[in-house]
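Encoded as C-alpha cells, the structure appears first; notes follow it.
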Amino acid sequence: MECRVLSIQSHVVRGYVGNKSATFPLQVLGFEVDSINSVQFSNHTGYAHWKGQVLTAEELNVLYEGIKLNKVNQYDYILTGYSRDMSFLETVVDIIQELKKANPSLVYVCDPVMGDHGVMYVPEHLLPVYREKVVPLADTLTPNQFEAELLTGRKINTEKDAVEVMDLLHNMGPETVVLTSTDLPSKYGDHYLVALGSQKIVNEDGTNTCQKICMDIPKVDAVFVGTGDLFAALLLAWTHHHPKDLKTACEKTVSVMHHVIKRTISYANEVAGPGNRPSPAQLELRMVQSKADIENPAIVVEAKVLEKSVD
Amino acid sequence: MECRVLSIQSHVVRGYVGNKSASFPLQVLGFEVDSINSVQFSNHTGYSHWKGQVLTADELHVLYEGIKLNNVHQYDYVLTGYTRDTSFLEMVVDIVQELKRANPNLVYVCDPVLGDHGSMYVPQNLYPVYKNKVVPVADIITPNQFEAELLTGKNISTEKDAVEVMDLLHAMGPDTVVITSSDLPSRLGDRFLVSLGSQRHVRPDGSRTTERVRIEVPKVDAVFVGTGDLFAAMLLAWTHHYPNDLKMACEKTFSVMHHVIQRTISYAHELAGPGRRPSPPQLELRMVQSKADIEDPAIVTEATVIS
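Taken in order, these protein sequences are the chains called A and B. Just so it is clear: in the first sequence, position 303 is 303 by this note's numbering, and no numbers are missing. Just so it is clear: in the second sequence, position 189 is 1189 by this note's numbering, and no numbers are missing.
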C-alpha cells in the first residue's frame, strides 16, 4: 500500500495527543506519515504543568516550502486536529488548497476541535474560520455534538435532529461526517453514549446514496486526552480500507478505541492503586501496548444502519 | 515490558532520520518513547533543499523542566544522535546527569556523530564536548571508525588496533562500544565491511570480563541517511533484551539493518528506473514496510567472537 498522509498537529514529548496519538497507529497500519508539529510541549495541558514552544503560521509555511521545493508535496490524505491560532489555521487552509490542486483525489480528514459539553475551549474567532474556510474543504469531518451544533447553528435533541445536522454538514462540504459523541439517550441506558455517521456516495450511474448509521458506545468513567486524535486517525485508516462502507469503517474505528481505552483504564487504575483516581500521567493512552488491536481489531461494537436514501 | 526511552534527536516532516528513524522501531518493539525534537526540518539535508527551525539549549531546558515539574522524569534509557550545537549538547549532558541521579540504572545510548571517512561534518568545537563530557556519561556508544579514532587519538589499521581503541573507549566511560563500520579488510572480500563490538561485564564473583565480536556486513552501493539513527535505536532495543550477550544483540541489530536497507534499495531502484541512480527522496528508508523485520528479524549476519 503506498499511501502518504500529511498530519499537522501538536507534538508532546511525553504522552499521546496530536501527532503522538495519530502517527504510530497510522504507521502500524502501513501508512507513510509526514508530520508537521504545530507545537512542541512537554506534555498535554491536562497535567499540573506544561511547557514548550508553538510554531507560527510563518514557520509552518517555511516547512511546507521545503517540501514543495523538493517536489515531494504529493499526499493522499491530510489530517488536522486541535488548533488555537487563527492565522495558523488559515495557513493550513492555503496549504490544503494547494495540495488539492496537486492531487484532486486528496482526502482531507478534519477534526473541527472547538469545544464540548456546551463550552468552547478554543478562541471564539476560530468558529467562522472553521465554518467558512476549513469545513468546506474537508472530506471527512469528526465533530462532537457541540461542534456540529456550532457549525450548523442547529440544536440536536433527537436522532432526527442529528440526521438533519449531518445533512447540513454534507451541504457545507464533507461527504463523510461522524458525530463522535452526543447526549442522545441510548437504548442500552445511561452507561452508553450515542454516536452517528453519514456518508454520501456517488453511484456509477450518477445517483447519490447516503448511508446513515448509529452506534451505542459504552461510556468510561475517566477523562482521556488524545482519544479524539486517535479516533480521527483510525477513521482515516478504516475509511481508506472501506471507502463505501461507513458501517464497517466505524465499527473498526470504535472497536479499536474501545480496546485502547479499556487497556488504558485498567492500567491507570492498577498504577493509581485501589480507591485512588488516576492522574493525567497515569491515564496516558496505552498506545504501543495496543499494537495488535490497532492492526486487527476484534469488532466489539455494532453499527446500526438508520436509512439509506438514494437520489 | 515497562521501559521508557527519552530520545533527543531531529525531527523531519518527511523521511526517516533522527527521531523519525528511532521512534517507530522502538515503539513497535514495545518501548515507550518520549521524544524531544532538537530541530524540525522539512526533510534531511541530503535533499536539494531543506527548511525549518532549530531548538535552542534554553528551549530544550524548558521542555525538560515541564517533564520534571510533573515528576515524570524517570527514564530507563536516554538516546541521542546528531547535534551541531555545543550549548545544546552541554544541556543534554546536564539532563542526562540529572536523570542518572533520579535513576542510577539509566542507560545512556550515545551515537557520537562527528564525521566519517576522515572528515568532520559537525563544528570542530563539538569534539572536546564529546570527549570530555558526553562519552564519560555514556553507557553504550556507536562511533564509526573515524569517530573512534578522533575520540581516542589512535589510528585503526588492524583488528588489534580496533580492540585497543575499544578498550580506550571503555576506559573513558561506556561499557558497550560498537564500531559501526571500519575500513578493515573483511575475510569475505571487498563487498563487505567490518564492524566490531566490545562489552565489559562484571561477573558474579566480582571479576571483569570483556566480550568482543566482529561482524562482516555486506556493503550497499548507495548513500543512506538515517541508518545510523536506526542502528543506535535497535542496538538499544536488542542490548535491552540481551544485556549480557553482545553477539546476539549485534546479530539482531545488524540483521534488522540489512532487511530495511535491502527493502529500501530495491524500492528505490524500482522507482528510479533502470540505469538511474535513485534520488534522496527515493532512498528514504522503507521503515513502516519493515515492521515485521523490526519485530522479529531473521538473523542474516553472524557475529564472530574474537579474543
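The beta carbon of each residue, even a glycine, is placed where N, CA and C say it ideally should be.
Residue i (DSSP reduced to helix, strand or coil)
| i | result |
| --- | --- |
| threonine 1142 (chain B) | coil |
| lysine 1160 (chain B) | helix |
| arginine 1200 (chain B) | strand |
| serine 87 (chain A) | helix |
| tyrosine 1267 (chain B) | helix |
| glutamate 32 (chain A) | strand |
| leucine 1055 (chain B) | coil |
| glutamine 1262 (chain B) | helix |
| valine 178 (chain A) | strand |
| serine 1119 (chain B) | strand |
| glutamine 97 (chain A) | helix |
| leucine 1069 (chain B) | helix |
| threonine 1209 (chain B) | strand |
| methionine 1172 (chain B) | helix |
| valine 1113 (chain B) | coil |
| glycine 1153 (chain B) | coil |
| tyrosine 192 (chain A) | strand |
| isoleucine 67 (chain A) | helix |
| glutamate 1032 (chain B) | strand |
| leucine 285 (chain A) | coil |
Any C-beta of chain A under 8 Å from that of residue i
| i | result |
| --- | --- |
| leucine 1069 (chain B) | yes |
| valine 1028 (chain B) | yes |
| histidine 963 (chain B) | As shown, chain B starts at 1001 and ends at 1307. That puts residue 963 (chain B) outside it, with no answer to give. |
| glutamate 1059 (chain B) | yes |
| histidine 1117 (chain B) | no |
| arginine 1276 (chain B) | no |
| arginine 1014 (chain B) | yes |
| proline 1025 (chain B) | no |
| valine 1005 (chain B) | no |
| valine 1288 (chain B) | yes |
| histidine 1044 (chain B) | no |
| valine 1062 (chain B) | yes |
| asparagine 1037 (chain B) | yes |
| lysine 1131 (chain B) | no |
Partner residues on chain A for residue i, Cβ-Cβ distance less than 7 Å
| i | result |
| --- | --- |
| glutamate 1032 (chain B) | Val288 |
| glutamine 1053 (chain B) | Glu59 |
| asparagine 1125 (chain B) | What asparagine 1125 (chain B) touches in chain A: nothing, since even the nearest Cβ is about 25 Å away. |
Which residues DSSP lists as bridging residue i, in chain order
| i | result |
| --- | --- |
| asparagine 37 (chain A) | A:Gln9 |
| tyrosine 1047 (chain B) | Answer is none; tyrosine 1047 (chain B) lacks a bridge partner. |
| tyrosine 1108 (chain B) | B:Val1078 |
| cysteine 210 (chain A) | A:Lys200 and A:Ser309 |
| alanine 1009 (chain B) | According to the sequence provided, residue 1009 (chain B) is glutamine. The question's alanine does not apply to it. For glutamine 1009 (chain B), which the question treats as bridged, DSSP gives the partners B:Asn1037. |
| lysine 247 (chain A) | None; lysine 247 (chain A) has no bridge partner. |
| tyrosine 77 (chain A) | A:Val5 and A:Val107 |
Short CB-CB distance (under 8 Å) between residue i and chain B
| i | result |
| --- | --- |
| leucine 79 (chain A) | no |
| leucine 283 (chain A) | no |
| asparagine 43 (chain A) | yes |
| phenylalanine 339 (chain A) | Summary: the structure shown does not reach residue 339 (chain A), with chain A confined to residues 1 through 311, and so no result is reported for it. |
| lysine 51 (chain A) | yes |
| valine 223 (chain A) | no |
| glutamine 199 (chain A) | no |
| leucine 69 (chain A) | yes |
| valine 396 (chain A) | There is simply no residue 396 (chain A) to check, as chain A begins at 1 and stops at 311 in what is shown. |
| glutamate 32 (chain A) | yes |
| glycine 273 (chain A) | no |
Partner residues on chain A for residue i, Cβ-Cβ distance less than 9 Å
| i | result |
| --- | --- |
| glutamine 1040 (chain B) | His11, Ile36, Asn37, Gln40, Leu55, Glu59 and Leu63 |
| glutamate 1270 (chain B) | Correct list: empty, because the minimum Cβ distance to chain A is about 11 Å. |
| histidine 1011 (chain B) | His11, Ser35, Asn37 and Gln40 |
Inter-residue CB distance, residue i and residue j (contact presumed, cutoff 8 Å)
| i | j | result |
| --- | --- | --- |
| glycine 30 (chain A) | serine 42 (chain A) | Going by Cβ atoms, the distance from glycine 30 (chain A) to serine 42 (chain A) rounds to 31 Å, so no, they are not a contact pair. |
| glycine 217 (chain A) | threonine 209 (chain A) | Looking at the sequence shown, residue 217 (chain A) is not glycine but isoleucine. 25 Å between Cβ atoms; not a contact. |
| leucine 1026 (chain B) | alanine 1292 (chain B) | Wrong, their Cβ atoms sit about 16 Å apart, outside the cutoff. |
| valine 300 (chain A) | glutamine 282 (chain A) | Their Cβ separation, rounded to whole angstroms, is 24 Å, which puts valine 300 (chain A) and glutamine 282 (chain A) out of contact at 8 Å. |
| leucine 179 (chain A) | alanine 148 (chain A) | 6 Å |
| serine 1198 (chain B) | histidine 1170 (chain B) | 7 Å |
| glutamate 32 (chain A) | arginine 14 (chain A) | The Cβ separation is near 25 Å, so there is no contact. |
| leucine 1079 (chain B) | alanine 1249 (chain B) | Not a contact, Cβ separation roughly 15 Å. |
| glycine 81 (chain A) | alanine 232 (chain A) | 6 Å |
| arginine 1263 (chain B) | isoleucine 67 (chain A) | Not confirmed; about 24 Å, so no contact. |
Residue i: contacting residues in chain B (beta-carbon distance under 7 Å)
| i | result |
| --- | --- |
| arginine 14 (chain A) | Asp1034, Ile1067 and Val1072 |
| valine 72 (chain A) | Arg1014 and Pro1281 |
CB contact below 8 Å: residue i versus chain E
| i | result |
| --- | --- |
| alanine 48 (chain A) | The structure shown contains no chain E; the protein chains it does contain are A and B. |
Contacts of residue i in chain A (Cβ-Cβ under 8 Å)
| i | result |
| --- | --- |
| asparagine 1103 (chain B) | Correct list: empty, because the minimum Cβ distance to chain A is about 15 Å. |
| lysine 1154 (chain B) | The contacting residues do not exist; lysine 1154 (chain B) stays about 38 Å from chain A at best. |
Beta-carbon neighbours of residue i, restricted to chain B and to distances below 9 Å
| i | result |
| --- | --- |
| glycine 66 (chain A) | Val1013, Arg1014, Phe1041, Ser1042, Asn1043, Tyr1047, His1049, Trp1050, Lys1051 and Gly1052 |
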